[in-house]
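In order, the protein sequence lines correspond to chains F and V.
Residues 1 to 330 in our numbering are what the first sequence spells out, letter by letter.
Residues 331 to 660 in our numbering are what the second sequence spells out, letter by letter.
Reviewing the structure listed below.
There are 2 protein chains.
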Amino acid sequence: MRHVAKVAGVGIKTVSRVMNDEPDVSEATRQRVLDASLRLNYQLDMVAGSLRRPGRQTLSIGLLLPRVANPFSSRLHRAIENALTPRGIAVFAASMDDDPDREKALVAAFLGRRVDGLVLTPIARSQIHTIPEHSRALPMVFIEREPLGIDADAVVTNNAVAAAHAASHLLAHGHTRLAYLGDRADIQGERRRGFTGELERAGLYTYRIPVREGLHNEESARQAALELLGGNEPPTAFFSSQHFITFGVIRALKELRLSRKVALVGFDDFALADMMDPGVTVIAQHPERIGKVAAERLLARIDGDDRAPETYVVPSELIERGSGELSPAP
Amino acid sequence: MRHVAKVAGVGIKTVSRVMNDEPDVSEATRQRVLDASLRLNYQLDMVAGSLRRPGRQTLSIGLLLPRVANPFSSRLHRAIENALTPRGIAVFAASMDDDPDREKALVAAFLGRRVDGLVLTPIARSQIHTIPEHSRALPMVFIEREPLGIDADAVVTNNAVAAAHAASHLLAHGHTRLAYLGDRADIQGERRRGFTGELERAGLYTYRIPVREGLHNEESARQAALELLGGNEPPTAFFSSQHFITFGVIRALKELRLSRKVALVGFDDFALADMMDPGVTVIAQHPERIGKVAAERLLARIDGDDRAPETYVVPSELIERGSGELSPAP
DNA sequence: TTGAAAGCGCTAACAA
DNA sequence: TTGTTAGCGCTTTCAA
Numbered sequence: 001m002r003h004v005a006k007v008a009g010v011g012i013k014t015v016s017r018v019m020n021d022e023p024d025v026s027e028a029t030r031q032r033v034l035d036a037s038l039r040l041n042y043q044l045d046m047v048a049g050s051l052r053r054p055g056r057q058t059l060s061i062g063l064l065l066p067r068v069a070n071p072f073s074s075r076l077h078r079a080i081e082n083a084l085t086p087r088g089i090a091v092f093a094a095s096m097d098d099d100p101d102r103e104k105a106l107v108a109a110f111l112g113r114r115v116d117g118l119v120l121t122p123i124a125r126s127q128i129h130t131i132p133e134h135s136r137a138l139p140m141v142f143i144e145r146e147p148l149g150i151d152a153d154a155v156v157t158n159n160a161v162a163a164a165h166a167a168s169h170l171l172a173h174g175h176t177r178l179a180y181l182g183d184r185a186d187i188q189g190e191r192r193r194g195f196t197g198e199l200e201r202a203g204l205y206t207y208r209i210p211v212r213e214g215l216h217n218e219e220s221a222r223q224a225a226l227e228l229l230g231g232n233e234p235p236t237a238f239f240s241s242q243h244f245i246t247f248g249v250i251r252a253l254k255e256l257r258l259s260r261k262v263a264l265v266g267f268d269d270f271a272l273a274d275m276m277d278p279g280v281t282v283i284a285q286h287p288e289r290i291g292k293v294a295a296e297r298l299l300a301r302i303d304g305d306d307r308a309p310e311t312y313v314v315p316s317e318l319i320e321r322g323s324g325e326l327s328p329a330p
Numbered sequence: 331m332r333h334v335a336k337v338a339g340v341g342i343k344t345v346s347r348v349m350n351d352e353p354d355v356s357e358a359t360r361q362r363v364l365d366a367s368l369r370l371n372y373q374l375d376m377v378a379g380s381l382r383r384p385g386r387q388t389l390s391i392g393l394l395l396p397r398v399a400n401p402f403s404s405r406l407h408r409a410i411e412n413a414l415t416p417r418g419i420a421v422f423a424a425s426m427d428d429d430p431d432r433e434k435a436l437v438a439a440f441l442g443r444r445v446d447g448l449v450l451t452p453i454a455r456s457q458i459h460t461i462p463e464h465s466r467a468l469p470m471v472f473i474e475r476e477p478l479g480i481d482a483d484a485v486v487t488n489n490a491v492a493a494a495h496a497a498s499h500l501l502a503h504g505h506t507r508l509a510y511l512g513d514r515a516d517i518q519g520e521r522r523r524g525f526t527g528e529l530e531r532a533g534l535y536t537y538r539i540p541v542r543e544g545l546h547n548e549e550s551a552r553q554a555a556l557e558l559l560g561g562n563e564p565p566t567a568f569f570s571s572q573h574f575i576t577f578g579v580i581r582a583l584k585e586l587r588l589s590r591k592v593a594l595v596g597f598d599d600f601a602l603a604d605m606m607d608p609g610v611t612v613i614a615q616h617p618e619r620i621g622k623v624a625a626e627r628l629l630a631r632i633d634g635d636d637r638a639p640e641t642y643v644v645p646s647e648l649i650e651r652g653s654g655e656l657s658p659a660p
């Protein structure tokens, strides 16, 4: 920049003004500076600039996802990118892999890079240990789960209501022997409670409803489904709390040729769900909407909004495709 | 940092040494500095540090993907993250949406943030206009396509060979009326040439092979497939150059109840491909492998490797699942 | 409208 | 082993 100033025959501050499109520069000097910067292949250094700028903004944010390659995460990522790119904000993205230590390390890495804000899907039960004290005031938005031990906005799906809806949907089709398959009990507890709560309200003995949690992948979900279907009093309907669990159930049902006999409602929509046989009824979350709301909240906080933190609930949608509308064999 | 130094009663450089785990600090002073930094909630500022470090490394790279939410992109992203996180390098990710202007703007945004390297899946035909002159020497790795107008490493799938393999696979099952459905002719030209080239070698009149390109989404692929199937001399086998085109063909075949009559081989594997009816035969790329190689090349370049750039070819794999093994009706 | 000086938080080089 | 000084490239402040 100093070099450009010299070549253009102006002061260094004038170059800064031109590069940042600040007013009060005569068109003539503007042109001279632009010419010089082009000739010298000059490019403004945002990193150095952020050091002196008030608030030290870096125009970057950190995004902590369960896994960048998981479809829900990546759609969320995209929605957030869409909202931030127009403001010139770049996104650091990282995967946490259900590992609280990794979550903590990644938060530290982003804080060290002086991001202007953080969007995170928390893994750790409480954020007291993941967010160091000196950064509690950093603009932050939590997704999927409200923060514990920290005050910040959150954007969540209506998990309990949606799961209850799935339960009543299956009840309405005549099922009384239902089963719940889920991942981590702490994270997806809302879904389980919504589901079993509704069954209880309907007068079912919930202790007779098998609840299998801690299913971390497609294969363990498949195993769990096979086991239940092989037991006595096998379920006539499944509810799965996550897309890969749904995949496991689909496999189990297909293997046993029960796809058209046993009902299934899965949380999370997925590609080609309607092309399966039968089509898979799902509760579709709206990652695009969730990401958009989260990004907007983050921007508002970055812009100084200091209202009390709120939790925003984004409704999901039950999409009937066949598998959830099967009735139990008489 | 100055503050921590004062509280610990040491020089500022000693604090720097401790925070960066440099040697030659006595355990006693180390502890005093650590105590002080904890008491003051101090956190090292990497942004400021990068300003003075030799080579000005920021420990961040830019990753330019077609779309972060597309499964191929996000798996690639994950593989790159896996290779770079252990080195403490953070990843800026962004979507280009097939828009050369956006590509250029994002490159500029990352360069302005002084990333240590760039991984990109180029959209623009030539990179002369997207990579400004002053950054031609920045460590860079191209994915899916070799760079034009710039010298850099590239990592690609064996597109032509794989597509030729798909062609011979379909020929071996007795097909003579085949069709090719593809996205952008410039980007996926290798696949088309590999496919039609093999048919030519087998003695087919390739001018009679319908080639539909420019299919930008599932719906246009579906339309194209429906049209071909409704014409005279409908194809008995399809080759699709990309996962969403495969989806469109699957839809078209299902609508016409031809899923078990007309063969299909799709480029790119996808979730539940084996659960379709019939299972979908695909050429599976290995984004994990591609990403790993790309990240390793980038790290090598960052570490000063200055050998002549090379193109690395990562083999793909034809996975038989049924749809590609159907024979034409006699 | 323009420019000079100070300093953001840090690390390299060198001195003690 | 420790500390001092200079300066990375920029923007702010303030003076011209």
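Built from N, CA and C at the ideal position, the CB exists for glycine as well.
A108 (chain F) versus V115 (chain F) - alpha carbon distance = Taking the first sequence and counting its residues from 1, the one referred to as residue 108 (chain F) is at position 108. Taking the first sequence and counting its residues from 1, the one referred to as residue 115 (chain F) is at position 115. For A108 (chain F) and V115 (chain F), the distance between alpha carbons rounds to 11 Å.
Nearest chain V C-beta to T236 (chain F) closer than 8 Å, yes or no?
-> Position 236 of the first sequence, counting from 1, holds the residue named residue 236 (chain F). Taking 8 Å as the threshold, the shortest C-beta distance from T236 (chain F) to chain V does not fall below it.
Check the Cβ-Cβ distances between I580 (chain V) and every residue of chain F, and say whether any is below 8 Å.
-> On the second sequence, position 250 is the one that residue 580 (chain V) refers to. Yes, contact with chain F.
Close Cβ partners of R627 (chain V) (< 6 Å) along its chain, the five nearest in sequence each way excluded = Walking along the second sequence from the start, residue 627 (chain V) turns up at place 297. Closer than 6 Å at Cβ, skipping near neighbours: V471, D483.
What residues in its chain sit with their C-beta under 7 Å from that of S168 (chain F), if we drop five residues either side in the sequence?
-> Here residue 168 (chain F) refers to the residue found at position 168 when the first sequence is read from its first residue. E198.
Run down chain V in chain order and give the residues with a C-beta less than 8 Å from the C-beta of A94 (chain F).
-> Numbered from 1 along the first sequence, position 94 holds the residue referred to as residue 94 (chain F). Result: E411, T415, A420, V421.
Do three or more CB pairs link the region 120 to 128 of chain F to the region 231 to 243 of chain F at distances below 8 Å?
-> With fewer than three CB-CB distances shorter than 8 Å, the region 120 to 128 of chain F does not count as touching the region 231 to 243 of chain F.
Alpha carbon to alpha carbon, what distance is there between H243 (chain F) and R191 (chain F)?
-> Here residue 191 (chain F) refers to the residue found at position 191 when the first sequence is read from its first residue. Here residue 243 (chain F) refers to the residue found at position 243 when the first sequence is read from its first residue. Between R191 (chain F) and H243 (chain F), the C-alpha separation is close to 13 Å.
Closest to V579 (chain V) by CA distance: which of V:M605, V:D604, V:S550, V:L602 is it?
-> The sequence position of residue 579 (chain V) within the second sequence is 249, counting from 1. The shortest C-alpha separation from V579 (chain V) is found at V:S550.
Does DSSP put L229 (chain F) in a helix, in a strand, or in coil?
-> Translated into positions along the first sequence, residue 229 (chain F) becomes position 229. Helix at L229 (chain F).
How many whole angstroms separate the CB atoms of G524 (chain V) and V491 (chain V), which I take to be in contact at a CB cut-off of 8 Å?
-> Against the second sequence, residue 524 (chain V) aligns to sequence position 194. Against the second sequence, residue 491 (chain V) aligns to sequence position 161. Indeed, because the Cβ distance is near 6 Å, the residues count as touching under 8 Å.
CA-to-CA distance, S465 (chain V) to P71 (chain F), given in whole angstroms = Locating residue 71 (chain F) in the first sequence gives position 71, counting from the first residue. Locating residue 465 (chain V) in the second sequence gives position 135, counting from the first residue. C-alpha separation (whole angstroms): 34 Å.
Is the CB of M275 (chain F) under 8 Å away from at least one CB in chain V?
-> Reading the first sequence from its first residue, position 275 is the one you call residue 275 (chain F). Yes, contact with chain V.
Where N217 (chain F) falls, given that 16 or more other Cβ within 10 Å makes a residue buried | Locating residue 217 (chain F) in the first sequence gives position 217, where the first residue counts as 1. Per the 10 Å Cβ criterion, exposed.
Just mark S26 (chain F) as buried or exposed, buried being the case when its beta carbon has 16 or more other beta carbons within 10 Å.
-> For this step, residue 26 (chain F) is matched to residue 26 along the first sequence. So S26 (chain F) counts as exposed.
Find the residues of chain F that neighbour G447 (chain V), judging by a C-beta separation of less than 7 Å, and give them in chain order.
-> By one-based count along the second sequence, residue 447 (chain V) stands at place 117. Within 7 Å Cβ-Cβ: nothing; G447 (chain V) doesn't reach chain F, min ~15 Å.
Starting from L381 (chain V), find everything on chain F with Cβ-Cβ shorter than 8 Å and list it in chain order.
-> In the second sequence, residue 381 (chain V) corresponds to position 51, counting from 1. Chain F residues near L381 (chain V): V47, A48, L51.
Buried versus exposed, by CB contacts within 10 Å (16 or more), R53 (chain F) | On the first sequence, residue 53 (chain F) is found 53 positions in, with the first residue counted as 1. Per the 10 Å Cβ criterion, exposed.
Three-state secondary structure (DSSP) of I575 (chain V) = Taking the first residue of the second sequence as 1, we reach residue 575 (chain V) at position 245. Of the three classes helix, strand and coil, the one that applies to I575 (chain V) here is helix, per DSSP.
Anticipated Cβ contact below 8 Å, V421 (chain V) with F92 (chain F), distance rounded | The residue you call residue 421 (chain V) lines up with position 91 of the second sequence. The residue you call residue 92 (chain F) lines up with position 92 of the first sequence. Right, their Cβ atoms sit about 7 Å apart.
Quick one: using the 10 Å Cβ neighbour count with 16 as the cut-off for buried, is R369 (chain V) buried or exposed?
-> For the purposes of this step, residue 369 (chain V) is identified with residue 39 of the second sequence, where counting begins at 1. The residue is exposed, with fewer than 16 neighbouring Cβ atoms inside 10 Å.
Count the other C-beta atoms from every protein chain shown that fall within 10 angstroms of the C-beta of Y180 (chain F), then say buried if there are 16 or more, exposed otherwise.
-> Taking the first residue of the first sequence as 1, we reach residue 180 (chain F) at position 180. Counting Cβ neighbours within 10 Å, Y180 (chain F) comes out buried, since at least 16 surround it.
Using a Cβ cut-off of 9 Å, which residues of the region 124 to 144 of chain F contact any Cβ in chain V, in chain order?
-> Sequence-ordered contacts of the region 124 to 144 of chain F with chain V read P132, E133, H134, S135 [C-beta pairs closer than 9 Å].
Can you tell me which of F:L299, F:F270, F:G88, F:P330 puts its alpha carbon nearest to the alpha carbon of T176 (chain F)?
-> As a working note, residue 176 (chain F) is residue 176 in the first sequence. Cα-wise, what sits closest to T176 (chain F) is F:P330.
Checking contacts by CB at 8 Å: is T58 (chain F) closer than that to chain V?
-> By 1-based counting over the first sequence, the position of residue 58 (chain F) is 58. Cβ-Cβ to chain V under 8 Å: yes for T58 (chain F).
Residue range of the alpha helix (DSSP H) that includes M19 (chain F) = Here the question's residue 19 (chain F) lines up with position 19 in the first sequence. Segment 12 to 19, the alpha helix (DSSP H) holding M19 (chain F).
Between L272 (chain F) and chain V, is there a C-beta pair that is closer than 8 Å?
-> Residue 272 (chain F) sits at position 272 when you count from the first residue of the first sequence. Under the 8 Å criterion on CB atoms, L272 (chain F) is classed as interfacial with respect to chain V.
With distances taken from CA atoms, which of V:R432, V:A435, V:N412 is nearest A94 (chain F)?
-> As a working note, residue 94 (chain F) is residue 94 in the first sequence. The option with the nearest alpha carbon to A94 (chain F) is V:N412.
For K254 (chain F) and chain V, any beta-carbon pair shorter than 8 Å?
-> The count along the first sequence starts at 1 and reaches residue 254 (chain F) at position 254. Cβ-Cβ to chain V under 8 Å: yes for K254 (chain F).
Would you say Q373 (chain V) reaches chain F, if we count a Cβ-Cβ gap shorter than 8 Å as a contact?
-> Against the second sequence, residue 373 (chain V) aligns to sequence position 43. It does: the Cβ of Q373 (chain V) has a partner Cβ on chain F nearer than 8 Å.
Rounded to a whole number of angstroms, what is the C-alpha to C-alpha distance between S653 (chain V) and D607 (chain V)?
-> By 1-based counting over the second sequence, the position of residue 653 (chain V) is 323. By 1-based counting over the second sequence, the position of residue 607 (chain V) is 277. Each residue's Cα considered, the two are about 8 Å apart.
Consider the Cβ of F577 (chain V): report whether some Cβ of chain F lies at a distance smaller than 8 Å.
-> The residue labelled residue 577 (chain V) in the question sits at position 247 within the second sequence. Yes, F577 (chain V) lies at the interface with chain F (some Cβ there is under 8 Å from its Cβ).
With C-beta atoms as the reference, is G266 (chain F) less than 8 Å away from S240 (chain F)?
-> Along the first sequence, one-based indexing puts residue 266 (chain F) at 266. Along the first sequence, one-based indexing puts residue 240 (chain F) at 240. Contact flag set, yes.
Could you name the residues that DSSP lists as bridge partners for T641 (chain V)?
-> In the second sequence, counting from the first residue as 1, residue 641 (chain V) sits at position 311. Beta-bridge pairing links T641 (chain V) to V:A484.
For S570 (chain V), name the three-state secondary structure that DSSP assigns.
-> As a position in the second sequence, residue 570 (chain V) is number 240, starting the count at 1. Three-state DSSP puts S570 (chain V) in a strand.
Identify every run of the beta strand (DSSP E) within the region 173 to 228 of chain F, keeping only runs that are complete inside it and at least 3 residues long; order them along the chain.
-> 178 to 181
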